[in-house]
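Enquirer: Shown below is the structure under consideration.
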Amino acid sequence: MDKKKAPQTKSQRKMLSYQDIFHFVPNYIGYIRIFLASIAVCCMYAELPHLAVVSYALSELFDAADGYFARKLNQCSKFGEVLDMITDRCTTTVLLVYLAQLYKPIAVVYCFLISVDISSHYMQMYASLISGVSNHKQMDFSSYPILKAYYTNRNVLFWVCFGNEAFFILSYYQHYLTGYPRYFILSLLVISSPVFALKNIINIIQLFVASKQLATHDATLANKAK
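Going by the UniProt record's numbering, 13 is the number at position 13 of the sequence shown; the sequence numbering is gapless.
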């Protein structure tokens, strides 16, 4: 009978370098997202709306895939987490900037949405770092069930993000259509509008909760220094 091999010790296992992290499967998905988003932006300014919508939609759909493979392959990483967040923020920001150009009378609304989106996620990321939690999606949910549902239920997270991005891309797409296709897109726009409103309410709540966490941390440090 063959002797069973003794399990490898920690020192015997291959040690990962920073280059290995760059080659994680979910991070490759992140690179693909960046490429598709870049294609979408180029198509927007080249006034190729059909290609822009397809590229942007694919980039957003891949957003769900990176998290799945990170958990499936045990390849979660801080680099991947930040890469995913930065890609989300930049992709949405670029689209909103373009919408502000298309709909100049309400450009200030898009500026407000960009500001709330970036500030709430940056504040939350920073609050999670000083709190010592392993993921920015971990926070104090006790007073805000809507925030708990958003960050702890992957189905809720996916559909809220999907509906919000759908609202933005449909707002862009309907500008270039006429006749029946435009009316169809407008109907989808109306359907997705409540989800868009919900997502931005969540952003505002997240901004408040993260601000509270940071201020609580400051107060604790100040009290210890007395």
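Ideal Cβ placement from N, Cα and C applies to all residues, glycine included.
1. DSSP state of residue 111, grouped into three classes?
2. May I ask which residues mark the beginning and end of the alpha helix (DSSP H) holding residue 106?
3. Note down the Cα distance separating residue 195 from residue 161, rounded to an integer number of angstroms.
4. Could you tell me whether the Cβ of residue 77 comes closer than 8 Å to any Cβ of chain C?
5. Residue 12 by DSSP, collapsed to three states: which one?
6. Name the residue from 46, 38 and 104 whose alpha carbon lies nearest to the alpha carbon of residue 91.
7. Please list, in chain order, all residues of the same chain as residue 130 whose beta carbon is under 6 Å from its beta carbon, the five residues on each side excluded.
8. In three-state DSSP terms, what is residue 1?
9. Near residue 310, what residues of its chain come up, given a Cβ to Cβ distance below 8 Å and the 5 sequence neighbours on each side ignored?
10. Compute the Euclidean distance between the alpha carbons of residue 179 and residue 186, then round it to the nearest angstrom.
11. What is the DSSP secondary structure of residue 23, reduced to helix, strand or coil?
12. For residue 25, which residues from the same chain have a beta carbon less than 7 Å from its beta carbon, with the 5 sequence-adjacent residues on both sides left out?
13. Assign residue 209 to buried or exposed, taking buried as 16 or more other Cβ atoms, counted over all protein chains shown, within 10 Å of its Cβ.
14. Tell me where the alpha helix (DSSP H) around residue 46 begins and ends.
15. Does residue 206 come out as helix, strand or coil in the three-state DSSP assignment?
16. Looking only at its own chain, which residues have a Cβ that is under 6 Å from the Cβ of residue 58, when we skip the five neighbours before and after it?
17. Just to confirm, is the Cβ distance from residue 214 to residue 127 under 8 Å?
18. Under a Cβ-count criterion, where at least 16 other Cβ atoms within 10 Å of its own Cβ denotes burial, should residue 19 be classed as buried or exposed?
19. Does the pairing of the stretch 48–55 with the stretch 157–174 give three or more beta-carbon distances under 8 Å?
20. Taking the straight line between their C-alpha atoms, what separation do you get for residue 77 and residue 14?
21. To the nearest angstrom, how far is it from the Cα of residue 181 to the Cα of residue 81?
22. Tell me whether the beta-carbon of residue 62 lies closer than 8 Å to the beta-carbon of residue 21.
Expert: Taking the coordinates as given:
1. The answer is helix: DSSP assigns residue 111 an H, G or I state.
2. That residue, residue 106, is in no alpha helix (DSSP H); it is neither H nor E in DSSP.
3. Between the alpha carbons of residue 195 and residue 161 lies a gap of roughly 8 Å.
4. This model lacks chain C altogether; it includes just one protein chain.
5. Caution applies to residue 12, whose pLDDT of 48 falls short of 50 and renders its modelled position unreliable; the model cannot decide the point.
6. 38
7. 217
8. With a pLDDT of 47 at residue 1, under the threshold of 50, the predicted position of this residue should be treated as unreliable, though the coordinate-derived value follows. Three-state DSSP puts residue 1 in coil, outside helix and strand.
9. Absent from the structure is residue 310, since the part of the chain shown begins at 1 and ends at 226.
10. Cα to Cα, the separation comes out at about 11 Å.
11. Three-state result, residue 23: coil.
12. Taking C-beta separations shorter than 7 Å and ignoring five residues to either side along the sequence, the partners of residue 25 in its chain run 69, 73 and 75, following chain order.
13. Buried, since its Cβ has 16 or more Cβ neighbours within 10 Å.
14. Neither: residue 46 is in no alpha helix (DSSP H) and is coded neither H nor E.
15. helix
16. 36
17. yes
18. The residue in question, residue 19, is exposed, as its Cβ has fewer than 16 Cβ neighbours within 10 Å.
19. yes
20. 17 Å
21. Cα-Cα distance, rounded: 37 Å.
22. Not closer than 8 Å, so no.
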